[in-house]
Amino acid sequence: MTSSSLPTRRPDQPIRAPRGSALSCKGWPQEAALRMLMNNLDPDVAERWEDLVVYGGSGKAARSWEAYHRIVASLRSLESDETLLVQSGKPVGIFRTHLDAPRVLIANAMLVPAWGDWPHFREYEARGLTMYGQMTAGSWIYIGTQGILQGTYETFGACAQKHFGGSLRGRLVLSAGLGGMGGAQPLAVTMNEGVGLFVEIDRERIERRLRLHYVDRATESLDEALGWAEKARRRGETLSIALHGNAAEVHTEIVRRGVRVDVVTDQTSAHDMLNGYVPSGLSAREAATLRTGNPQQYLVRAQESVAQHMRAMLELQRQGAILFDYGNNIRREAENAGVHDFSYPGFVPAFIRPLFCEGQGPFRWVALSGDPEDIYATDRALMEAFKDNEHLVRWLSLAQERVHFQGLPARICWLGYGDRATAGCIFNELVASGRVKAPIVIGRDHLDSGSVASPNRETESMRDGSDAIADWPILNALLNASAGASWVSVHHGGGVGIGYSIHAGMVTVADGTPEAARRLERVLTTDPGTGIMRHADAGYPEAVEAARRHGLKLPGVTLP
Ligand code: NAD
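Numbering (our numbering), first residue to last: 1038 to 1597.
Here is the structure:
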């Protein structure tokens, strides 16, 4: 098909990635990129596939439908020694490289720093020149809400460990936002044995989480929600409740009633006030109308609400709740709205950084066959290989029991340096021996130790003050491309919004060949290795020790 004869509009039928072991491209790395792009837009996976939005406010997989069709056609014709370049969701070039080079290189929403803010971004976006790629939306490795589930489970688990003797039993967690990421919160709280109340303004999002069994019950009534929560808390039972309402209003009412809340956080898309945060007094539909009709007024009202929302969370903190930021930049937006004189940590310095020092983070993989049995085979292989790691085995068993797949079957778990390369080789072997029916793609989130500069999140309060130094994610991307990842991406603004982060992604395909085994061994070593390097360089003793233990060569660090 010539590019002029390609479709330019949204497909009539919803998108679903091909399944099975037959290729529609000229090699598995290209096929994997194609299936993962399509999987990101599968209606079971994407929050708003019709608008190409995968998750996280307006995080997209392709810039426009025309660009989407061109990417698909490019991947189908791409040779195994060529590399496709994608500029903010639009394919712009194909160059001859070599067999071990990435098949796709992606840059999303990058702006020259002095132009790196939402107003400039919106202007360029309106002119069709850029796209917001969030994290795994524009890097084609989103796997639905499971993608954040283990991180959320670990975060609430670490919070329970630090403040409540290891369990959330008998504790009430209050949060808001049941979107692509936020939807993991209810299940993560009940997996930690607690009770959770989650405020969500969009009824459809609530329905979706109920359907996927991420939340237990839903109601329109605060009285009913609090009644259920109190009963479960008293009995030490687990329960997650979705409450249809606006967080600014509901949280304020909870404060007024003097309800005892043990933990409070937030997962509305406050990083993008225009697209992701609904002002009080409006339904989701009314908000959509005001957003397009009068964006200025929308922003003024959203700011007033975020201020009210923040004041309520701070009041709950004063009354004894543990308050932490869960990576949506609401602290900055509340400051912009005039709420000052507060201080509470982000979840990374509060709970996650010790794991980052070991190069640990959310490692994920997807069965391109589409057969859930292939994921169960990988689960079994990992449980066998890491049988001494009780935490991991418990997680994989819980995930098998509780996680409903969205789109292509996938799994996530936190693994660090050394173990990731081992897992990659195990998966490649499963493909080579035919124990799984088609190749497996291996990637990770951008909530990661070595590939992110995000001063309000992953790199908040770094020991050496290097929070905003963004050389690290660029080095991570360059190194992973050199090591032979199948696709590599660099992004601006994921998680916390334009102006607040630079980060990189990578995906590598296990297609069962010896070449893939070598690439996997290299990439799954360089990638977590940069996490240890970044934290050792910042002076974390745990990372310095990990570097020594693993024999990393770090000329910038004096190893013990
Ligand atoms: P999303 O846009 O899919 O969902 C946000 C939800 O919040 C929507 O369902 C929306 O209806 C709801 N909402 C907005 N304003 C509300 C209000 N005032 N009251 C009640 N509900 C309201 O976003 P997502 O993918 O769930 O991500 C949530 C946030 O978390 C984003 O800011 C994202 O960047 C950030 N994030 C965090 C992590 C992490 O590791 N913690 C990872 C990725 C993204």
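For each residue, glycine too, the CB sits at the ideal point set by N, CA and C.
Element boundaries [alpha helix (DSSP H), containing residue i]
| i | result |
| --- | --- |
| M1350 | 1332-1355 |
| A1371 | 1367-1373 |
| K1199 | 1183-1200 |
| E1579 | 1578-1587 |
| F1158 | 1155-1163 |
| C1394 | 1390-1394 |
| V1292 | 1284-1294 |
| Q1067 | 1065-1077 |
| M1543 | Taken as a continuous stretch (DSSP letters only), M1543 belongs to no alpha helix (DSSP H), being part of the beta strand (DSSP E) at 1539-1547. |
| Y1105 | 1102-1114 |
| T1563 | 1551-1574 |
| K1268 | 1259-1272 |
| Q1616 | No information on residue 1616 is available, as it lies outside the stretch 1038 to 1597 that the chain covers here. |
| L1516 | 1508-1520 |
| L1247 | 1240-1248 |
| V1430 | 1427-1439 |
| R1417 | 1409-1422 |
| D1456 | 1456-1469 |
| P1223 | 1222-1228 |
7 Å CB neighbourhood of residue i in its chain, flanking five on each side removed
| i | result |
| --- | --- |
| G1064 | S1117 |
| R1133 | D1118, E1119 |
| F1442 | P1409 |
| V1315 | I1238, N1283, A1321, A1324 |
| W1432 | Q1187, C1450 |
Span separating the alpha-carbon of residue i from that of residue j
| i | j | result |
| --- | --- | --- |
| A1266 | I1180 | 30 Å |
| G1318 | L1419 | 49 Å |
| R1107 | G1444 | 22 Å |
| P1399 | D1485 | 7 Å |
| E1495 | S1042 | 44 Å |
| N1423 | P1066 | For the sequence presented, residue 1423 should be read as Phe rather than Asn. Going by the C-alpha atoms only, they are around 28 Å apart. |
| S1491 | H1540 | 8 Å |
| V1296 | R1439 | 30 Å |
| L1224 | R1481 | 21 Å |
| G1593 | D1574 | 7 Å |
| N1426 | V1468 | 24 Å |
| G1027 | E1244 | Since the first residue of the chain shown is 1038 and the last is 1597, residue 1027 is not available in this structure. |
| A1195 | H1135 | 44 Å |
| A1213 | F1393 | 26 Å |
| G1471 | I1291 | 56 Å |
| R1448 | I1463 | 15 Å |
| Y1335 | R1586 | 53 Å |
| E1352 | R1571 | 36 Å |
| R1457 | S1503 | 27 Å |
| A1144 | I1506 | 19 Å |
| G1188 | L1452 | 12 Å |
| A1197 | Y1363 | 15 Å |
| V1301 | F1361 | 7 Å |
Cβ-based neighbour list, residue i, same chain, cut-off 6 Å, excluding 5 preceding and 5 following
| i | result |
| --- | --- |
| M1168 | K1097, R1100, S1125, G1126 |
| Y1161 | T1167 |
| A1285 | S1317, S1342, Q1345, H1346 |
| E1257 | H1281 |
| L1078 | I1052, W1086, A1098 |
| L1230 | In the sequence on display, residue 1230 carries Glu and not Leu. Correct list, in chain order: S1204, L1205, R1206, T1275. |
| D1081 | Q1443, G1444 |
| D1253 | L1276, S1277 |
| V1232 | L1209, A1266, A1269, R1270, L1276 |
Span of the beta strand (DSSP E) around residue i
| i | result |
| --- | --- |
| N1145 | 1141-1145 |
| E1237 | 1232-1237 |
| S1212 | 1209-1213 |
| G1593 | Element bounds for G1593: n/a, residue is neither H nor E. |
| G1130 | 1127-1133 |
| Y1092 | 1090-1092 |
| S1526 | 1524-1529 |
| T1256 | 1254-1256 |
| A1447 | 1447-1452 |
| L1311 | Unbroken run through L1311 is the alpha helix (DSSP H), 1310-1313; no beta strand (DSSP E). |
| P1399 | 1398-1404 |
| L1280 | 1276-1281 |
| I1479 | 1477-1481 |
Close-in-space but distant-in-sequence residues of the same chain around residue i (CB under 8 Å, 5 per side omitted)
| i | result |
| --- | --- |
| P1386 | E1497, S1498 |
Proximity test, residue i beta-carbon vs the ligand MG heavy atom, cut-off 6 Å
| i | result |
| --- | --- |
| A1324 | Ligands in the displayed structure: the ligand NAD; the ligand MG is not one of them. |
Q.
Does the region 1467-1486 come into contact with the region 1054-1072, if we say contact requires no fewer than three beta-carbon pairs (one atom in each stretch) closer than 8 Å?
A. The region 1467-1486, when compared against the region 1054-1072, does touch it at the 8 Å Cβ threshold.
So, do the region 1532-1544 and the region 1152-1164 have three or more beta carbon pairs nearer to each other than 8 Å?
A contact exists between the region 1532-1544 and the region 1152-1164.
(Q) For the region 1361-1375 against the region 1304-1314, do three or more pairs of beta-carbon atoms, one drawn from each stretch, fall closer than 8 Å, so that the two count as touching? (A) Contact between the region 1361-1375 and the region 1304-1314 is present: three or more C-beta pairs spanning the two stretches fall below 8 Å.
Note to self: When you compare the region 1199-1210 with the region 1236-1247, are there three or more beta-carbon pairs, one atom per stretch, that lie closer than 8 Å?
What the structure shows: Contact check between the region 1199-1210 and the region 1236-1247: fewer than three CB pairs, one atom from each, fall below 8 Å, which does not count as touching.
message = Tell me whether the region 1561-1572 and the region 1512-1530 touch, counting them as touching only if at least three CB pairs, one residue from each stretch, are closer than 8 Å.
response = The region 1561-1572, when compared against the region 1512-1530, does touch it at the 8 Å Cβ threshold.
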